[in-house]
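Chains as they are written, first to last, in this note's numbering: chain A, 1 to 217; chain B, 1001 to 1217; chain C, 2001 to 2217; chain D, 3001 to 3217. What follows is one structure encoded as structure tokens, with my remarks underneath.
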């Protein structure tokens, strides 16, 4: 079968050429070195696929700084070495093991479509997400425990904001089930960070385990 | 258990505040609108977690333009609606179904660590990747078929570059096993694009199915 | 009063710098000459403000080729030299008189919001457009005569497509009320062209006065 | 009367067909969606008709991004809801009200013919622009206040460059007389930007209200 691949739309080609002639040209020596010597990122970031969350912009990151995994609702499944496919776990294994990152940030955000789907599903209002064939539904099962903690608390918007933060806490909790993560955290060579970003007003909050709450940074 | 989360390192707080006072401030109206009205990205991008590949920089993308999934080696598994966790498939389902993106870009790159591991594993030089407990190994199994097409062709560097491009073709091939993707491609409402980026010299190539080869854009 | 102007959003600055380093750099000699010697466009185009209609893309136009006026629904008012403000007429006077363009294209298009508003207003369904303070309403009054020709013909979509074409014909008709235009058309130094573009399927039609209908180019 | 419309010149048909077979084909899915769902441009741009200023090129804009009004000298008249024709005000009303754009850019440029005419007229050297029947003259009356600020300052070229920038400031000032604009600026949902572009050397400047001056971006 011939793959039905198409040429890149012209406006993207133009923008790429603009990047090549400016950003790339200004940093060519560094990029060549990154290519030759390999990456050495300080941090891994687990963020959502949402088009409105640019972790590289928010943190002014340059190429080489962050190893970034993005999935629906920035979720980490529990450790489960069963020989099956686990894309998120593979990214964590590579960052924490091979790359030995020092920081691991989980970045949640407001208006998360995956979290909205999860709330609808848990409330029984999204039967289409409950079938085996719904990849989004099965993925969002990871957040059912989080739903139990926020259900009935305030109006829909409040519950959504709370559930988005539960997604971050779920991921942090599941990260600690990875022996490699737990060991490196215990030995003090890896720090975990839980963050939540408000798309509309630009706020950024971090999870403070002592207070058991999120605070503005 | 108290989660061992830590405050965000100061240099990241500082950069965030810089972004908030400048980029965010200059675009606040748009970001508020994106929050209120929801995202409407034109394209989904499937890219690698590698810290040296910033798709938003390369294509001058502003918040709201690209729905981005990043995993090890930008791989898409075959369609497999078995009720298990499939993070990549969930992202595709959401982008192609709920968001109705018009373009889907798979972006591979040079010096890909996942691809290097795959080559080592396929050549019998990475026993640690072969155990059930190796998430990276099991994930890179997706590229074993690609290895069969490039093995024995040229030196190690040539094989790596060829295998990186095979990762892109594997993903395009597997994308077409998703009924939703195949249907939308057939009806002309979704275009697929295969790309490969050279980190060191900044080049960008696209897969031309008529030639059966990658060309510079 | 201090003007509340803001810095340009960063992504636009980046894109501009990309343009400067590529397109501009490749054409600098020509742009400098255009600056020194002045423009000498062959054609004027009157097009809609709609973000989905790029006349420069559709016609592969380079800087210097088209003098372009864009307003709501690509409308030309009748000649009315009353000493008041007439932005569209000023653009026509400058193009046809000072610049002596040889071709004048009026480019209409599908899904035109201004034309939709006009249809609603003429059918009595848009009272907000009927007040003196509605600039859009008063502007779309120019198309009330066009509405009379299409009303009652087919369903709403058919009427909209017909009214969009009437907007082009209205503009051509009103252009001929400008003595300068009529004189130059009569002496054969200026040609008028009526066009309609379908945003969705990319079609382009031209008005054939002998057939009294629009045809694909 | 039969309208004296002519077929499109062959070279434009050829270019259009080239665009249809390439750019359109690569982006057909997106264009169909833009047609079905409607536009959602982030920004409105008010620019000059001059053939040497392609705002879409300078900012690498793809269809759907910018709602663009182009008139002589990128001028905005003061708010005047008197029931007469106001094409520029209609475009602003539609963009700021119906489309709810988040950014409004006024883009002036060097070697502007309208501004040159204004300088000549204000200096008494263009009697033909002073009659009621001169649409260009009456339109450029909008910039007479700007002339008062620059007259006598430096040689003719300096005065022209200064008057071109005054055209941008005049438009920003008049924009703020539109209640809808002023309200949305006050509530932080609309940002205004004043820009000036040098056609010959490709420079781009923005107006910095704190400095009261234009700076390179």
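Note that CB positions come from ideal geometry on N, CA and C, so glycine has one too.
Outcome for residue i when other beta-carbon atoms lying within 10 angstroms are tallied against a minimum of 16
i                      : result
residue 3151 (chain D) : exposed
residue 2999 (chain D) : Here chain D covers residues 3001 to 3217 and nothing more, so residue 2999 (chain D) does not appear.
residue 2040 (chain C) : exposed
residue 157 (chain A)  : exposed
residue 1031 (chain B) : buried
residue 2186 (chain C) : exposed
residue 1017 (chain B) : exposed
residue 1021 (chain B) : exposed
residue 100 (chain A)  : exposed
residue 1062 (chain B) : buried
residue 148 (chain A)  : exposed
residue 3026 (chain D) : buried
Near the ligand NAD: residue i beta-carbon under 8 Å from a heavy atom
i                      : result
residue 3138 (chain D) : This structure simply doesn't include the ligand NAD, nor any ligand for that matter.
is_contact[residue i, chain A] using C-beta, thresh 9 Å
i                      : result
residue 3027 (chain D) : yes
residue 3216 (chain D) : no
residue 2061 (chain C) : no
Inter-residue spacing [alpha-carbon to alpha-carbon] between residue i and residue j
i                      : j                      : result
residue 3028 (chain D) : residue 2202 (chain C) : 8 Å
residue 2002 (chain C) : residue 1191 (chain B) : 48 Å
residue 3112 (chain D) : residue 3144 (chain D) : 15 Å
residue 3133 (chain D) : residue 2131 (chain C) : 29 Å
residue 3115 (chain D) : residue 3184 (chain D) : 30 Å
residue 210 (chain A)  : residue 195 (chain A)  : 15 Å
residue 3015 (chain D) : residue 3045 (chain D) : 26 Å
residue 3087 (chain D) : residue 2102 (chain C) : 25 Å
residue 2097 (chain C) : residue 2089 (chain C) : 11 Å
residue 2188 (chain C) : residue 2182 (chain C) : 10 Å
residue 3094 (chain D) : residue 2136 (chain C) : 7 Å
residue 1105 (chain B) : residue 1176 (chain B) : 13 Å
residue 139 (chain A)  : residue 68 (chain A)   : 19 Å
residue 3109 (chain D) : residue 3059 (chain D) : 15 Å
residue 1217 (chain B) : residue 12 (chain A)   : 10 Å
Within-9 Å CB hit, residue i to chain C
i                      : result
residue 50 (chain A)   : no
residue 15 (chain A)   : yes
residue 3201 (chain D) : yes
residue 183 (chain A)  : no
residue 3177 (chain D) : no
residue 3125 (chain D) : no
residue 3147 (chain D) : no
residue 3154 (chain D) : no
Chain B residues whose Cβ lies nearer than 9 Å to that of residue i
i                      : result
residue 3129 (chain D) : Result: empty, since nearest Cβ-Cβ is about 38 Å, beyond 9 Å.
residue 187 (chain A)  : Ordered by position in chain B, no residue passes the 9 Å Cβ test against residue 187 (chain A), which lies about 12 Å from the chain.
residue 2007 (chain C) : 1022, 1025, 1026
Partners in chain B for residue i, counting only beta-carbon separations shorter than 7 Å
i                      : result
residue 2151 (chain C) : Within 7 Å Cβ-Cβ: nothing; residue 2151 (chain C) doesn't reach chain B, min ~34 Å.
Partners in chain C for residue i, counting only beta-carbon separations shorter than 7 Å
i                    : result
residue 19 (chain A) : 2018
Chain-ordered neighbours of residue i on chain B, where CB pairs are closer than 8 Å
i                      : result
residue 169 (chain A)  : 1003
residue 3165 (chain D) : Within 8 Å Cβ-Cβ: nothing; residue 3165 (chain D) doesn't reach chain B, min ~21 Å.
Residue i: contacting residues in chain D (beta-carbon distance under 7 Å)
i                      : result
residue 1191 (chain B) : 3026, 3029
7 Å Cβ cut-off: residues of chain A touching residue i
i                      : result
residue 1136 (chain B) : 90, 93, 94
Residue-chain proximity (residue i, chain B), Cβ-Cβ < 9 Å
i                      : result
residue 3037 (chain D) : yes
residue 2070 (chain C) : no
residue 2041 (chain C) : no
residue 2079 (chain C) : no
residue 2011 (chain C) : yes
residue 158 (chain A)  : no
residue 143 (chain A)  : no
residue 3047 (chain D) : no
Listed by chain order, chain C residues near residue i by CB distance under 8 Å
i                      : result
residue 3057 (chain D) : 2019, 2023, 2056, 2063
Proximity test, Cβ basis, 9 Å: residue i and chain D
i                      : result
residue 1180 (chain B) : no
residue 1033 (chain B) : yes
residue 2121 (chain C) : no
Beta-carbon neighbours of residue i, restricted to chain D and to distances below 9 Å
i                      : result
residue 2162 (chain C) : The premise fails here: residue 2162 (chain C) is roughly 16 Å from chain D at the closest Cβ pair, so nothing lies under 9 Å.
Proximal residues of chain A, C-beta to C-beta of residue i below 9 Å
i                      : result
residue 1113 (chain B) : 38, 39, 94, 98, 99
query = Within the chosen definition, does the region 1068–1076 of chain B reach the region 1147–1162 of chain B through at least 3 CB pairs nearer than 8 Å?
reply = Remark: fewer than three beta-carbon pairs, one from each stretch, lie closer than 8 Å, so the region 1068–1076 of chain B and the region 1147–1162 of chain B are not flagged as touching.
Validate contact between the region 1081–1096 of chain B and the region 1048–1063 of chain B using beta carbons, cut 8 Å, 3 pairs: At 8 Å Cβ cutoff, the stretches do not touch.
Is the region 162–177 of chain A touching the region 198–217 of chain A, taking contact as three or more C-beta pairs under 8 Å? As far as the Cβ criterion goes, the region 162–177 of chain A touches the region 198–217 of chain A, which means the pair count is three or higher.
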